[in-house]
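Visitor:
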Amino acid sequence: MEGGVVNSISPEAIFSLANVNMNNGDEYVSCMKCGFAGCDIRVTGCGCTLHARCCSVKQQESIKVCPHCTRPATGFILFPMSFREIDEARKIAAAIANDKRERGRKRRSALISESDAEGKDVKKRPMPDDKNGEPSDRRTGRWTQEEITFCDKMITLFKDGRLPITEGVKLNDFLANMLKSKQSRLTKKMKNAKLSSITFSRRYGHIFDSTEARSFSELEDQFFNSIHDHLERAEIKFHMQKEWRELFSNYCAAMGQHIEANAWLSSVEEMDRRSSLARDAARMTRRKLMMGYALCQDSQNADPGVFIEKTEAEMQSMQNGEPLMFSKHGTDMTTQDNDDLLYFLDDNVGCEYPNSLGGMSPHQLSAELNGKSSMLHSSPFMRRITAYMKRHKVPFEHVDVWVPSFVPNDEPNATSDSKCRLCFAGSATSDTEILQHGNVPVKNVPKDAHFNLQAFGDYSQKFSFDVGCGLPGRVYDSGIPTWEQNVHTSSNA
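If you're matching positions, the sequence shown starts at 12 in our numbering and goes up one per residue.
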């Protein structure tokens, strides 16, 4: 039914269909005014379903009759967001990507090349430009004719005051948010339009003519269908539905009209939860990616007496001169599709593509990537150390513990079966930061700093040191490591 026009449906039939789909969203419910699917609201009492742009809202007056069928009504219910279509699109995209990988599609990383081993500059994949404070996931690139036509229609309705928007909203902000487009993309296409100088002034607050409402929905549908990539199309549809519902919610608040939005707010919380999980998954992927690069470099340039533990996969990766990448089949990393995963060096990208790695959900990905994280090194002893630092306001946020340990001696002509090394025993990162020697209240450690400190602890587990090499017993300006016994009895000088 989506994209089609329904000429006549009784309110009773719509009410029944709306009740069936309230928990799954609005995608199968058609608007009583324009006949297209993707409704935003349901009128309580009569059961009519409408797009936000097709619904009339009177100022400072509680609804008594339906704005469409004029039957008795008591209010509006805002539909929750449906995740079905976007989830299916992401699963399909992940399956296609995995199929290509299994058929041997491998591309060299944009960060690692043969020139890197020769000491040349590292070429980085271009990252989204957000110098103007815009989210980095905004759309760029060419305009299709369908998008141009749809955008022109929105501009006309905006200037005529026939959209559910609060007073004073600027046209460039409205278009950028609705089309999920960069401001520069808009101004480049409409150079002389002076979009930022046009603000919204309400005249009707909705598209009052049914024929025009149907025409607008048809243009919107044509714009969606002009996007050939299934995932991108699902994401822009999801985004625009969210924008319309947010606009209508704010519009009702400004008009003094009550709206039931509990289901909508629950879906917003779900969006935030998914975004947070995806961001965490991207951070964990970035940690593994950067550890692969670091191990590749450090293993080739290790100082005397420094030992770096390497798995079989890591050793194979070093021989190939490639960093380890993530594999959904285990906690090790494999050398495949560096370009795809380099997106996760930017936290924002992970929010939009949580299923890009192995088809797993953000929760599954985050859980698997945590398999070897520094969280496992936080023993009760480590927790007591961090508790001591908090209690006494010691101005440190991270602690690594290293202990002497006897390991098998595999050197030829060795006089003993074992030798002493300094080995990693655990790490812990505090979630609070002590400033200025504890004279001011503590504050939370910034999320990026907390992530980097945990990554440092995670990376430390790979190392061990011969006696007299590596980590210092005390920190000196010279940077020369010294091994000392009874450090706790030494002076602080």
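Where is the CB? At the ideal position from N, CA and C, for every residue including glycine.
#1: Which same chain residues end up closer than 8 Å to glutamate 96 when comparing Cβ atoms and leaving out the 5 residues on each side of it in sequence?
#2: In chain order, what residues of the same chain lie with their CB nearer than 8 Å to the CB of histidine 239, ignoring the 5 residues before and after it?
#3: Rank Glu229, Arg225 and Lys181 by C-alpha distance to the C-alpha of serine 208 and give the top, closest one.
#4: Just how far apart, CA to CA, sit asparagine 505 and lysine 205?
#5: Would the stretch 213 to 223 count as touching the stretch 182 to 193 if we require 3 or more Cβ pairs under 8 Å?
#6: For the beta strand (DSSP E) that cysteine 431 lies in, which residues bound it at each end?
#7: Threonine 60 and cysteine 42 look like a contact to me (Cβ under 8 Å); what is the Cβ gap, rounded to whole Å?
#8: Check whether the Cβ atoms of phenylalanine 259 and alanine 105 sit closer than 8 Å, and answer yes or no.
#9: Let me check one thing: in DSSP terms, what residues is tryptophan 443 bridge-paired to?
#10: Among Ile107, Gly58, Asp220 and Arg196, which has the Cα closest to the Cα of leucine 168?
#11: How should glycine 437 be labelled, buried or exposed, when 16 other C-beta atoms within 10 angstroms of its C-beta is the threshold for buried?
#12: Rounded to the nearest angstrom, what separates leucine 288 and glutamate 280 at their Cα positions?
#13: Rounded to a whole number of angstroms, what is the C-alpha to C-alpha distance between lysine 191 and serine 286?
#14: Is phenylalanine 87 closer than 8 Å to valine 40 when the C-beta atoms are compared?
#15: Shortest alpha-carbon distance to proline 419 belongs to which of Gln70, Cys431 and Trp413?
#16: Return helix, strand or coil for arginine 53, following the three-state DSSP convention.
#17: Kindly identify the DSSP beta-bridge partner or partners of arginine 150.
#18: Quick check on the burial criterion: 16 or more other C-beta atoms within 10 angstroms. Buried or exposed for aspartate 232?
#19: Would you mind working out which of Ser228, Lys102 and Asp110 sits nearest cysteine 162, comparing C-alpha positions?
#20: Here's the rule I'm using: 16 or more other beta-carbon atoms within 10 Å means buried, otherwise exposed. How should valine 68 be labelled?
#21: Secondary structure at threonine 60, three-state DSSP: helix, strand or coil?
Guide: Here's the rundown:
#1: Here the question's residue 96 lines up with position 85 in the sequence shown. So the qualifying residues of the chain are Glu38, Ala245, Lys248 and Phe249.
#2: For the purposes of this step, residue 239 is taken as the residue at position 228 of the sequence shown. Closer than 8 Å at Cβ, skipping near neighbours: no residue.
#3: On the sequence shown, position 197 is the one that residue 208 refers to. Nearest of Glu229, Arg225 and Lys181 to serine 208, Cα basis: Lys181.
#4: Examination of residue 505 is not possible in this model, given that the chain is present from 12 through 504 alone.
#5: no
#6: In the sequence shown, counting from the first residue as 1, residue 431 sits at position 420. Note, cysteine 431: beta strand (DSSP E), 429 to 440.
#7: Residue mapping note: residue 60 aligns to position 49 of the sequence shown, counting from 1. Residue mapping note: residue 42 aligns to position 31 of the sequence shown, counting from 1. Sure, about 6 Å apart at Cβ, within 8 Å.
#8: The residue labelled residue 259 in the question sits at position 248 within the sequence shown. The residue labelled residue 105 in the question sits at position 94 within the sequence shown. Contact flag unset, no.
#9: Taking the sequence shown and counting its residues from 1, one reaches residue 443 at position 432. A quick correction: the sequence has threonine, not tryptophan, at residue 443. Asn455, per the DSSP bridge assignment.
#10: Along the sequence shown, read from residue 1 onward, the residue named residue 168 stands at position 157. Here the closest residue by C-alpha is Asp220.
#11: Here residue 437 refers to the residue found at position 426 when the sequence shown is read from its first residue. Counting Cβ neighbours within 10 Å, glycine 437 comes out buried, since at least 16 surround it.
#12: Looking up residue 288 in the sequence shown gives position 277. Looking up residue 280 in the sequence shown gives position 269. Cα to Cα, the separation comes out at about 12 Å.
#13: On the sequence shown, position 180 is the one that residue 191 refers to. On the sequence shown, position 275 is the one that residue 286 refers to. Spanning the two alpha carbons is a distance of roughly 17 Å.
#14: Counting from one through the sequence shown, the residue named residue 40 turns up at place 29. Counting from one through the sequence shown, the residue named residue 87 turns up at place 76. No, these two residues do not count as a Cβ contact at 8 Å.
#15: To locate residue 419, count along the sequence shown from 1; it is residue 408. The shortest C-alpha separation from proline 419 is found at Cys431.
#16: Counted from its first residue, the sequence shown places residue 53 at position 42. Arginine 53: strand per DSSP, three-state reduction.
#17: Residue 150 sits at position 139 when you count from the first residue of the sequence shown. Arginine 150 is bridged to Ser192.
#18: Residue mapping note: residue 232 aligns to position 221 of the sequence shown, counting from 1. Classification for aspartate 232: buried.
#19: The residue you call residue 162 lines up with position 151 of the sequence shown. Among Ser228, Lys102 and Asp110, the Cα nearest to that of cysteine 162 is on Ser228.
#20: Residue mapping note: residue 68 aligns to position 57 of the sequence shown, counting from 1. Answer is buried; the Cβ neighbour count reaches 16.
#21: Translated into the one-based positions of the sequence shown, residue 60 becomes position 49. It is a strand residue.
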